[in-house]
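In UniProt numbering, the protein residues as written are 1 to 204.
Here's the structure we're looking at; comments come further down.
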């Protein structure tokens, strides 16, 4: 169980969760992920992603072949189902993922840490562009939430969107604050100042 838990990925969790609903083939999984907009939380941009994930889960005996379907004029489709080991593993993964924040390494904090490599003027330009993108993302999230409400979609099935919207809004507010400080020169730097700071820090 421990070795399997170390190999989990967002897509493997999503696949196990889908198979916990009912047996299905890879094409149906891909369609459901897209239809339910789960492609915002798992990466299925590469067509092979689901098949590679299924192969790995099959090798680890977390899933098994349920049956092979053959419709006239269509290729064979392998239908998979969750094993008892797969159900136990899914439960263990979710317990860990929900209770303990993962140590993740997103790109944006790295770029923020490297901000001194740019000029303040360029930083303003780039962060202003990010603000526009985040605002558009927030607007889309609000539109989707309104559509979900009109459809009577239970909140439980929309929770990850709610979470992502909250993160987007928090990031937007923070970037706007930094941008305000940059524009007002309350936050600024140049090469000489950076050299002086680095020298002072190196002296302990």
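Quick reminder that beta carbons are idealized off the backbone N, C-alpha and C, glycines included.
Model, not experiment: these values are computed from the prediction.
Asked                                                                                                                                                    : Found
Let me confirm a value: residue 6 is counted as buried when at least 16 other C-beta atoms fall within 10 Å, else exposed. Which label applies?          : Its pLDDT being 46, under 50, residue 6 is placed unreliably by the model, and the measurement read from it follows with that caveat. Classification for residue 6: exposed.
Out of 60, 70, 33, 37, which has the shortest C-alpha to C-alpha gap to residue 49?                                                                      : 33
Tell me the DSSP secondary structure of residue 181 in three-state form.                                                                                 : helix
For a quick check, are the C-beta atoms of residue 19 and residue 86 less than 9 Å apart?                                                                : yes
May I ask whether a heavy atom of the ligand SAM can be found less than 8 Å away from the beta carbon of residue 165?                                    : Looking for the ligand SAM in the displayed structure turns up nothing, as the structure carries no ligands at all.
Counting only the same chain and skipping the five closest in sequence on each side, list residues whose C-beta sits under 7 Å from that of residue 148. : 158
Could you tell me the distance, in whole angstroms, from the CA atom of residue 162 to the CA atom of residue 74?                                        : 39 Å
Determine, using beta carbons only, whether residue 174 and residue 120 come nearer to each other than 9 Å.                                              : no
Smallest Cα separation from residue 15: which of 68, 70, 82, 65?                                                                                         : 82
Could you pull the DSSP bridge partners for residue 24 from this structure?                                                                              : 80
DSSP on residue 2, reduced to helix/strand/coil?                                                                                                         : Interpretation of residue 2 is limited by its pLDDT of 42, a score under 50 that renders its predicted location unreliable; no figure is taken from the coordinates.
Rounded to whole angstroms, what's the CA-CA distance from residue 203 to residue 197? Just pull it up for me.                                           : 10 Å
So, under 8 Å CB-CB, residue 57 and residue 12 are touching, yes? Tell me the CB distance rounded to an integer number of Å.                             : 6 Å
Taking the alpha carbon of residue 97 as the point to measure from, which residue in 8, 156, 126 has its own alpha carbon closest?                       : 8
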